[in-house]
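S.K.: Pasting in a structure now, in structure tokens, and then I'll have a few things to ask.
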Amino acid sequence: MMNFKSIKFFVVLLSCLLVSKAEKVEVVVEGATPIAQTDEDFICVTLDWWPTNKCDYDQCPWGQAGLFNLDLKNKILEKAVKAFHPLRIRVGGSLQDQVVYNVRNNIENCQPFQKQDKGFLFGFSIGCLDMKRWDELNEFFNQTRAKVTFGLNALIGRKESKTEKTLWVGDWYSHNARDLMSYTISKGYKIDSYELGNELCGVGVSARIEAKQYAKDMATLKNLVKEMYPNPKTQPKVLGPGGFYDKKWFDTFLDASGHDVIDGVTHHIYNLGPGNNPDVVRRVQDPFFLTQIAQTFKDVSNAIEKFAPWSGAWVSESGGAYNSGGQLVSYTFAFGFWYLDQLGMTSVYNHKVYCRQALTGGNYALLNTTTFVPNPDYYGALLWHRVMGSKVLSVTNKGSPYLRVYSHCAKKEPGVSFVFINLSKNTSFEIDLFHDLNLNGGSPNFEFKGHKKREEYHLTPKDGNILSSIVLLNGTPLELSDLLEIPELKPKLVDGLIPISIAAHSIAFITIRDFNAPACC
Numbered sequence: 006m007m008n009f010k011s012i013k014f015f016v017v018l019l020s021c022l023l024v025s026k027a028e029k030v031e032v033v034v035e036g037a038t039p040i041a042q043t044d045e046d047f048i049c050v051t052l053d054w055w056p057t058n059k060c061d062y063d064q065c066p067w068g069q070a071g072l073f074n075l076d077l078k079n080k081i082l083e084k085a086v087k088a089f090h091p092l093r094i095r096v097g098g099s100l101q102d103q104v105v106y107n108v109r110n111n112i113e114n115c116q117p118f119q120k121q122d123k124g125f126l127f128g129f130s131i132g133c134l135d136m137k138r139w140d141e142l143n144e145f146f147n148q149t150r151a152k153v154t155f156g157l158n159a160l161i162g163r164k165e166s167k168t169e170k171t172l173w174v175g176d177w178y179s180h181n182a183r184d185l186m187s188y189t190i191s192k193g194y195k196i197d198s199y200e201l202g203n204e205l206c207g208v209g210v211s212a213r214i215e216a217k218q219y220a221k222d223m224a225t226l227k228n229l230v231k232e233m234y235p236n237p238k239t240q241p242k243v244l245g246p247g248g249f250y251d252k253k254w255f256d257t258f259l260d261a262s263g264h265d266v267i268d269g270v271t272h273h274i275y276n277l278g279p280g281n282n283p284d285v286v287r288r289v290q291d292p293f294f295l296t297q298i299a300q301t302f303k304d305v306s307n308a309i310e311k312f313a314p315w316s317g318a319w320v321s322e323s324g325g326a327y328n329s330g331g332q333l334v335s336y337t338f339a340f341g342f343w344y345l346d347q348l349g350m351t352s353v354y355n356h357k358v359y360c361r362q363a364l365t366g367g368n369y370a371l372l373n374t375t376t377f378v379p380n381p382d383y384y385g386a387l388l389w390h391r392v393m394g395s396k397v398l399s400v401t402n403k404g405s406p407y408l409r410v411y412s413h414c415a416k417k418e419p420g421v422s423f424v425f426i427n428l429s430k431n432t433s434f435e436i437d438l439f440h441d442l443n444l445n446g447g448s449p450n451f452e453f454k455g456h457k458k459r460e461e462y463h464l465t466p467k468d469g470n471i472l473s474s475i476v477l478l479n480g481t482p483l484e485l486s487d488l489l490e491i492p493e494l495k496p497k498l499v500d501g502l503i504p505i506s507i508a509a510h511s512i513a514f515i516t517i518r519d520f521n522a523p524a525c526c
């Protein structure tokens, strides 16, 4: 039988073993100059056209979330968008190249998309947007102070090639877009940017357009925008091509587009595979897999620097897993590992905007498709928007690859903000923070010791289960109030002399106000 001393020794030994799971990591911030810069409103979400009967893998996860059906009067939806002050919203998606705008009321039987077995892209008919619905959408955008990117139909006026499968030929017919712009201007609706087409570049998804033809059409759109919005201060930006990166196609497209035509070079990311892939949950925790996509971000930025330096890179759609998202993963805490890592990586590679698929609808939505209650990633996006400024700093983690670290100048107030993503199930990390002011490289100048209290937001899953759809902030579940208000996101104030600690399977946003980086002055 164990005596009291034996039990005490065992407890102490067990405690030591548990503490040994904490690993020290040296993190070095180069604060002299920024390495990249995002737009102030970097976070963006998509509202998609998919109808209720969009189904994948015996699931139909879009419900009433499509643009024709969405309940724009829902108070949770309204408050969730308002919380960003402002949120970028992209109106678009796979079916945007089958939308016509019934501005002149000259389209008979103007109806939303109908299921079709063949003869149409993605198995759906042409969808008709009447101006009553356009008014309702803009009332919602105005009420929530959203910044709007509108995705235009790029296939209108073209025909399928008789000799090459999926290739569409001919010039873009801009008259329907002109009518929509004219109506939009007459109503005083504000559009931040227009994007031409969805996933028509490279080999395309269901259709494709040759690069030089697309460049010609972008010039047509640019001229149309200049004509309709003559004041440069209120002129919407022109974006494209909104598809998957293909080096030869993008280089040709950008080279042929002409000076100052494209304001934002947009591309899409679905690097986790299909939504029914059982490997998605492993991939979002694998740092080596997550890093692979960095090459695409780098390639897009390099292409812009070479052919269109006046422009900027945007991810205009990214849902991780295609076909409506990972069935058991995309709405859970685990998906935040992938999402926030994507935000960090794209900011490092000088992307101005990152647009998540979707605000609501599909498995990857920030808001539950039926109830509009925020999923875990909503709070990660909101915290990023509130604490991470636009100037990006170089930060190096000299320890485990399972700790991902990104650093920006803090938003609005002095200091530096970090996001720490701990992919490890069992290991927590204690951070030794160094500030490198040496522009010529070499050893860090000094170990940083703060004196002001740090602002810390630690996100963890309920019961430690990363497949939970409930997230805790500093140990408290984030839930809507009785009045359906978005919960207030309050930081934990921590003595600056206490080391930063990042728990296993957690995400932390941390702002240090007395971290005086010259880049942030």
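Note that our numbering numbers the sequence shown so that position 288 is 293, with each residue one more than the last. Beta carbons are placed, not taken as given, at the ideal position from N, Cα and C, and that holds for glycine. All values reported here derive from a predicted model rather than from experimental measurement.
Could you pull the start and end residues of the alpha helix (DSSP H) that residue 305 belongs to?
M.R.: For the purposes of this step, residue 305 is taken as residue 300 along the sequence shown, with counting starting at 1. It spans 299–312 - the alpha helix (DSSP H) in which residue 305 sits, taken as one unbroken run.
S.K.: Determine whether the beta carbon atoms of residue 440 and residue 34 lie at a separation below 8 Å.
M.R.: Against the sequence shown, residue 440 aligns to sequence position 435. Against the sequence shown, residue 34 aligns to sequence position 29. Yes, these two residues count as a Cβ contact at 8 Å.
S.K.: Heavy atom of the ligand SAM less than 7 Å from the Cβ of residue 524, yes or no?
M.R.: Among the components modelled here there is no ligand, and therefore nothing to report on the ligand SAM.
S.K.: Report the residue ranges of all alpha helix (DSSP H) runs contained in full by the stretch 314–389; include only those spanning at least 4 residues, in chain order.
M.R.: The stretch 314–389 contains these whole alpha helix (DSSP H) runs: 340–353.
S.K.: Please list the terminal residues of the continuous alpha helix (DSSP H) segment that includes residue 253.
M.R.: Numbered from 1 along the sequence shown, position 248 holds the residue referred to as residue 253. Looking at the DSSP string, the run of the alpha helix (DSSP H) that includes residue 253 is 252–262.
S.K.: Just tell me which of 489, 474, 147 and 164 has its CA closest to the CA of residue 334.
M.R.: The residue given as residue 334 occupies position 329 in the sequence shown. Comparing Cα positions, the closest option is 474.
S.K.: Report the rounded CA-to-CA distance for residue 101 versus residue 396, giving the unit in angstroms.
M.R.: The sequence position of residue 101 within the sequence shown is 96, counting from 1. The sequence position of residue 396 within the sequence shown is 391, counting from 1. Straight-line Cα distance between these residues: approximately 33 Å.
S.K.: Compute the Euclidean distance between the alpha carbons of residue 137 and residue 322, then round it to the nearest angstrom.
M.R.: Sequence index remark: in the sequence shown, residue 137 carries index 132 (1-based). Sequence index remark: in the sequence shown, residue 322 carries index 317 (1-based). Whole-angstrom Cα-Cα distance: 27 Å.
S.K.: Could you check which residue in 480, 127 and 191 has the C-alpha nearest to that of residue 328?
M.R.: The count along the sequence shown starts at 1 and reaches residue 328 at position 323. Among 480, 127 and 191, the Cα nearest to that of residue 328 belongs to 127.
S.K.: Counting only the same chain and skipping the five closest in sequence on each side, list residues whose C-beta sits under 8 Å from that of residue 434.
M.R.: Taking the first residue of the sequence shown as 1, we reach residue 434 at position 429. These residues qualify, in order along the chain: 27, 28, 29, 30, 404, 405, 408, 425, 427, 506 and 507.
S.K.: Counting Cβ pairs, one atom from each stretch, are 3 or more of them under 8 Å apart for the stretch 415–424 and the stretch 506–521?
M.R.: In short, these stretches touch, since the Cβ pair count reaches three.
S.K.: Determine which residues share a DSSP beta bridge with residue 526 and list them.
M.R.: As a working note, residue 526 is residue 521 in the sequence shown. Its beta-bridge partners do not exist; DSSP assigns none.
S.K.: In terms of DSSP beta bridges, what is residue 55 paired with?
M.R.: As a working note, residue 55 is residue 50 in the sequence shown. The partner list for residue 55 (beta bridge, DSSP) is empty, contrary to what the question assumes.
S.K.: Excluding five sequence neighbours on each side, which residues of the same chain lie with their C-beta closer than 6 Å to the C-beta of residue 294?
M.R.: Within the sequence shown, the letter at position 289 stands for residue 294. Around residue 294: 288.
S.K.: Kindly indicate the opening and closing residues of the alpha helix (DSSP H) around residue 181.
M.R.: Counting from 1 along the sequence shown, the entry for residue 181 is found at position 176. Segment 180–191, the alpha helix (DSSP H) holding residue 181.
S.K.: Tell me which residues share the same chain as residue 257 and place their Cβ nearer than 7 Å to its Cβ, disregarding the 5 neighbours each side in the sequence.
M.R.: Working through the sequence shown from its first residue, we reach residue 257 at position 252. Within the same chain, residue 257 has close Cβ partners 216 and 217.
S.K.: State buried or exposed for residue 516, treating a residue as buried only when at least 16 other CB atoms are found within 10 Å of its CB.
M.R.: Locating residue 516 in the sequence shown gives position 511, counting from the first residue. Residue 516 is buried by the Cβ-count criterion.
S.K.: Does residue 314 pass the burial test, meaning 16 or more other C-beta atoms within 10 Å, or should it be called exposed?
M.R.: Numbered from its first residue, the sequence shown carries residue 314 at position 309. Exposed.
S.K.: Put residue 511 into one of helix, strand or coil per three-state DSSP.
M.R.: Your numbering for residue 511 matches position 506 in the sequence shown. In this structure, residue 511 counts as strand in the three-state DSSP scheme.
S.K.: Could you tell me the alpha carbon to alpha carbon distance between residue 225 and residue 177, rounded to whole angstroms?
M.R.: Taking the first residue of the sequence shown as position 1, residue 225 is located at position 220. Taking the first residue of the sequence shown as position 1, residue 177 is located at position 172. The straight-line gap from Cα to Cα measures roughly 8 Å.
S.K.: Sorted by chain position, which residues of the same chain lie with C-beta nearer than 6 Å to residue 59's C-beta, five sequence neighbours on each side aside?
M.R.: Mapped onto the sequence shown, residue 59 falls at position 54. The residues are 67.
S.K.: Mapping the DSSP letters down to three states, classify residue 520 as helix, strand or coil.
M.R.: Mapped onto the sequence shown, residue 520 falls at position 515. In this structure, residue 520 counts as coil in the three-state DSSP scheme.
S.K.: Roughly how many angstroms lie between the CA atoms of residue 242 and residue 268, to the nearest whole one?
M.R.: Start at 1 with the first residue of the sequence shown, and residue 242 comes out as number 237. Start at 1 with the first residue of the sequence shown, and residue 268 comes out as number 263. Rounded to whole angstroms, residue 242 to residue 268 spans 6 Å at the Cα level.
S.K.: Using CA atoms only, rank isn't needed, just tell me which of 413, 341, 385 and 353 is closest to residue 472.
M.R.: Indexing the sequence shown from 1 puts residue 472 at position 467. Checked all of 413, 341, 385 and 353; the closest Cα to residue 472 is 341.
S.K.: Exposed or buried, residue 498, counting other C-beta atoms within 10 Å across all chains shown (16 or more means buried)?
M.R.: Translated into the one-based positions of the sequence shown, residue 498 becomes position 493. The residue in question, residue 498, is exposed, as its Cβ has fewer than 16 Cβ neighbours within 10 Å.
S.K.: Can you grab the Cα-Cα spacing for the pair residue 362 / residue 262, in whole Å?
M.R.: Within the sequence shown, numbered from 1, the residue matching residue 362 stands at position 357. Within the sequence shown, numbered from 1, the residue matching residue 262 stands at position 257. Their Cα atoms are separated by approximately 27 Å.
S.K.: Quick one: residues in its chain with C-beta nearer than 6 Å to the C-beta of residue 343, no 5 flanking neighbours on either side, listed in chain order?
M.R.: As a working mapping, residue 343 is identified with position 338 in the sequence shown. These residues qualify, in order along the chain: 289 and 325.
S.K.: Consult DSSP for residue 89 and reduce its assignment to one of helix, strand or coil.
M.R.: What you label residue 89 is simply residue 84 of the sequence shown in a count that begins at 1. It is coil, neither helix nor strand.
S.K.: If you drop the 5 nearest sequence neighbours on each side, which residues of the same chain put their C-beta closer than 6 Å to that of residue 13?
M.R.: The residue you call residue 13 lines up with position 8 of the sequence shown. Because the pLDDT of residue 13 is 43, which lies under 50, any placement of that residue in the model is unreliable, and the number read from its coordinates should be weighed accordingly. Same-chain partners within the cutoff: there are none.
S.K.: Please return the same chain residues whose Cβ sits closer than 6 Å to the Cβ of residue 513, not counting the five positions on each side in sequence.
M.R.: As a working mapping, residue 513 is identified with position 508 in the sequence shown. Taken in chain order, the residues that qualify are 425, 463 and 507.
S.K.: Could you give the C-beta distance for residue 72 and residue 52, rounded to a whole number, given that I count them as a contact under 8 Å?
M.R.: Taking the sequence shown and counting its residues from 1, one reaches residue 72 at position 67. Taking the sequence shown and counting its residues from 1, one reaches residue 52 at position 47. The Cβ separation is near 6 Å, so the contact holds.
S.K.: Ends of the beta strand (DSSP E) at residue 465?
M.R.: For the purposes of this step, residue 465 is taken as residue 460 along the sequence shown, with counting starting at 1. It spans 459–466 - the beta strand (DSSP E) in which residue 465 sits, taken as one unbroken run.
S.K.: Candidates 391, 394, 469 and 372: which alpha carbon is nearest residue 431's?
M.R.: The sequence position of residue 431 within the sequence shown is 426, counting from 1. The option with the nearest alpha carbon to residue 431 is 469.
S.K.: Checking 8 Å against the spacing of the C-beta atoms, do residue 202 and residue 247 come in under that value?
M.R.: Here residue 202 refers to the residue found at position 197 of the sequence shown. Here residue 247 refers to the residue found at position 242 of the sequence shown. Yes, these two residues count as a Cβ contact at 8 Å.
S.K.: Taking all protein chains shown into account, decide if residue 239 is buried (16 or more other Cβ within 10 angstroms of its Cβ) or exposed.
M.R.: By 1-based counting over the sequence shown, the position of residue 239 is 234. Flag for residue 239 reads exposed.
S.K.: Please work out which residues of its chain come closer than 7 Å, Cβ to Cβ, to residue 188, disregarding the five sequence neighbours upstream and downstream, and give them in chain order.
M.R.: In the sequence shown, residue 188 corresponds to position 183, counting from 1. The residues are 108 and 136.
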